[in-house]
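Residue numbers (the working numbering), protein chains in the order written: chain A, 178 to 523; chain B, 178 to 523.
What follows is the structure in structure tokens.
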């Protein structure tokens with residue numbers, strides 16, 4: 178069983194995985210290139226994964242058989258496990274919680290070679306609908322206070338299965354980075370009665386220098402204080418605190434935005450490894466037993482996607498200070514991506 | 178000129194370097210293996226570096242000539258520059274400051290092949306004295322609010338010159354991670370009239386399961402909520418908020434602690450890349466112009482070193498959530514290091 182542990186000096190939680198813990202020898206092995214005789218995410222190998230939780234099967238094929246277009250399964254090696262009760266206790270000055278949560282894998286298409294940048298807007302929209310469905314379902318479990326959806330592409334971004342997929346992790350507390358964003362948004366709203374992210378989007382559209390793409394629905398831009406080179410933020414121009422409120426039509430527009438943005442990154446940086454993560458407000462009904470500070474009102478937050486290619490190594494200074502040194506000004510990164518030809522492939 | 182930029186959503190500062198900004202082509206180049214005909218940190222190449230700021234020359238040799246044992250020089254490609262005035266201004270909702278600071282390199286010994294784990298306690302103590310001298314000197318510059326000292330070993334930890342060295346960066350604000358630690362320590366002291374880190378050290382010594390080394394002067398242990406495998410904390414058992422208060426004798430004991438700890442890491446993980454960073458209280462006299470919240474009273478903080486081998490890649494989940502997943506429980510990491518033979522070399 179994994180544990181969540183709290184450090185009173187840093188004020189931070191870490192997930193410590195047990196059971197299949199990694200020993201020195203495991204780290205000495207060179208690269209984690211996965212040599213697989215049969216990819217468990219390909220058609221015909223459905224029995225190599227746990228039974229599916231959700232699938233999009235346009236031809237109404239049978240569960241756990243070929244014919245699906247998107248397939249969601251439990252992670253075979255989960256960081257957190259769904260069985261058990263929360264058990265929050267002190268250990269002297271420290272705190273710990275047992276590692277209750279959910280860890281799922283979203284297989285984005287059946288083709289072993291097709292990345293998200295190769296998919297159509299409609300195909301990506303089906304992946305986004307799977308995200309929406311799974312988030313809504315997991316919110317019925319009152320032990321989970323936050324649900325993360327993220328994607329790693331490329332071995333350097335820790336995607337150790339090459340077949341295109343994303344992941345979902347439900348955790349029993351609001352993660353620090355989300356808590357900070359929620360607090361900053363709420364403070365801004367309480368002072369000004371305006372959404373902080375709406376204000377930022379207006380400023381970005383007016384200055385234009387950091388905009389990569391603006392189709393009138395979603396804005397893609399390089400954040401002013403980007404901590405990584407070519408970091409991107411994708412946000413809906415219409416205010417919405419919660420990703421699950423997006424309609425099918427909005428998800429189709431987001432699919433096109435993602436497709437085009439990933440194709441630009443591939444053209445400019447020659448298929449770089451990258452990660453993206455969805456930031457969405459925790460739902461209001463999760464405020465049980467606590468002051469409603471972390472529960473979200475519609476005014477308090479603005480969902481968005483944060484995306485960054487993995488181009489640099491995090492060095493001692495960044496790790497130990499929380500300060501990042503970014504060698505590519507976001508205005509220059511935006512210009513390269515804006516001018517890119519998204520049809521160039523590597 | 179570099180810039181420091183503030184993000185109102187994340188509440189975080191980033192250093193954006195300009196002037197030698199990195200373009201897409203720079204990231205496509207494979208590894209940054211430095212092929213040097215002559216290492217600028219070796220004897221006889223002193224003219225290839227900027228003039229030295231400090232040197233330990235046991236035989237009283239002349240500046241910028243061979244004969245030194247430790248040599249401190251300005252970084253030839255600094256992240257922050259020492260010339261100019263602070264210029265803090267808003268840019269709409271954002272904030273920026275020009276990149277005033279200092280960036281120095283501490284060459285730890287003249288031998289191209291000798292790492293810190295190969296040095297004697299006395300030789301490491303001379304490096305630690307150089308840290309102390311440079312920190313005290315830079316504190317005379319009232320533009321700097323914090324001084325970081327850190328070391329990267331190995332190309333994966335971003336040390337792009339192999340010759341053993343550490344770095345110093347002085348920044349014009351208190352970095353977020355230090356601000357958090359200072360706030361947590363102060364809050365603990367105000368409630369309990371005890372130092373938080375002293376309390377943690379007592380608990381670690383009593384439970385013993387995470388201790389790697391305890392010589393009665395310095396404690397080396399794996400933190401309870403370690404975010405990385407084999408992460409270590411090294412702290413003096415005698416309370417001290419400020420590293421510069423350490424005596425020569427204490428630095429010699431710390432030199433022995435570092436030597437032995439690094440040799441254990443080398444034996445267990447076969448010369449892994451690693452980083453360490455010194456956390457010390459900002460001095461009281463830096464409280465000019467601000468509430469004294471970040472200025473440090475002796476009771477408020479406890480200096481220490483944080484050290485981590487670089488064994489895993491930071492994936493999308495960690496980057497976007499602030500949550501780390503650590504696959505090696507710190508109790509197991511401590512047992513491996515405790516049982517290691519520090520004389521084994523790789």
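Each residue gets a CB set at the ideal place from its N, CA and C atoms; glycine is no exception.
If you check each beta-carbon in the stretch 496-507 of chain B against every beta-carbon of chain A, the ones closer than 8 Å belong to 496, 497, 498, 499, 500, 501, 502, 503, 504, 505, 506 and 507.
For chain A, none of the residues of the stretch 285-319 of chain B brings a beta carbon within less than 9 Å of one of its beta carbons. Taking the CA atoms as reference points, residue 357/B sits about 28 Å from residue 178/B. Among the residues facing chain B, residue 382/A is not included, as its CB has no counterpart in that chain under 8 Å away. Taking CB atoms only, residue 277/B has no neighbour in chain A less than 8 Å away. Here residue 499/A is actually not in contact with residue 312/B; their C-beta atoms are around 20 Å apart, not less than 8 Å.
Legend: CB atoms of the stretch 384-409 of chain B lying less than 7 Å from CB atoms of chain A belong to residues 400, 401, 402, 403, 404 and 406. As a beta-bridge residue in DSSP terms, residue 183/B pairs with 190/B and 272/B. Residue state for residue 392/B is assigned as coil, using DSSP reduced to three classes. Between residue 243/A and residue 221/A the beta-carbon gap is near 6 Å, inside 8 Å, which marks them as a contact.
Under the DSSP assignment, residue 502/B falls in the beta strand (DSSP E) whose first and last residues are 501-503.
In the three-state scheme derived from DSSP, where H, G and I count as helix and E and B as strand, residue 345/B is classed as strand.
A direct Cα-to-Cα measurement between residue 429/A and residue 317/B gives close to 58 Å. Note that the C-beta distance between residue 378/B and residue 347/B is not below 8 Å.
Secondary structure note for residue 452/A: its beta strand (DSSP E) is the uninterrupted segment 451-456.
Burial check for residue 438/B: the Cβ neighbour count within 10 Å reaches 16 or more, so the residue is buried.
Look at residue 186/A: its C-beta is under 8 Å from a C-beta on chain B. Scanning 352/A, 373/A, 507/A and 422/A for the CA closest to the CA of residue 362/A turns up 373/A. The alpha-carbon of residue 368/B is positioned some 56 Å away from that of residue 298/A. The beta carbon of residue 441/A sits no closer than 8 Å to any beta carbon of chain B. Membership of residue 249/A in the beta strand (DSSP E) is indicated by the continuous run 247-251.
Assigned with DSSP and collapsed to three states, residue 354/A falls in helix. Residue 178/A is outside the set of residues whose beta carbon lies under 8 Å from a beta carbon in chain B. Within the same chain, and ignoring the five residues on either side of residue 371/B in sequence, the residues whose Cβ sits closer than 8 Å to its Cβ are 365.
A straight-line Cα-Cα distance of about 5 Å links residue 482/B and residue 455/B. For residue 385/A, the secondary structure class from DSSP, reduced to helix, strand or coil, is coil. Sequence-distant Cβ neighbours of residue 421/A in its own chain, meaning closer than 7 Å and more than five residues away, are 309, 312 and 313. Within the same chain, 289 and 340 come within 6 Å of residue 216/B by CB-CB distance, once the 5 residues on both sides are set aside. About 4 Å separates the beta carbon of residue 395/A from that of residue 434/A, a gap short enough to meet the 8 Å contact definition.
Residue contact with chain B for residue 265/A: absent (no Cβ-Cβ distance below 8 Å to any residue of chain B). Residue 258/A carries a strand assignment under DSSP once its states are collapsed to helix, strand and coil.
Taking C-beta atoms as the reference points, residue 489/B and residue 405/B count as a pair closer than 8 Å. DSSP places residue 301/A in the uninterrupted alpha helix (DSSP H) bounded by 298-315. With respect to the 8 Å criterion, residue 322/B and residue 350/B are classified as neighbours on the basis of their beta carbons.
Residue-level contact by beta carbon fails for residue 478/B and chain A, as no gap is shorter than 8 Å.
Within a 10 Å sphere around the beta-carbon of residue 445/A sit 16 or more other beta-carbons, which makes this residue buried.
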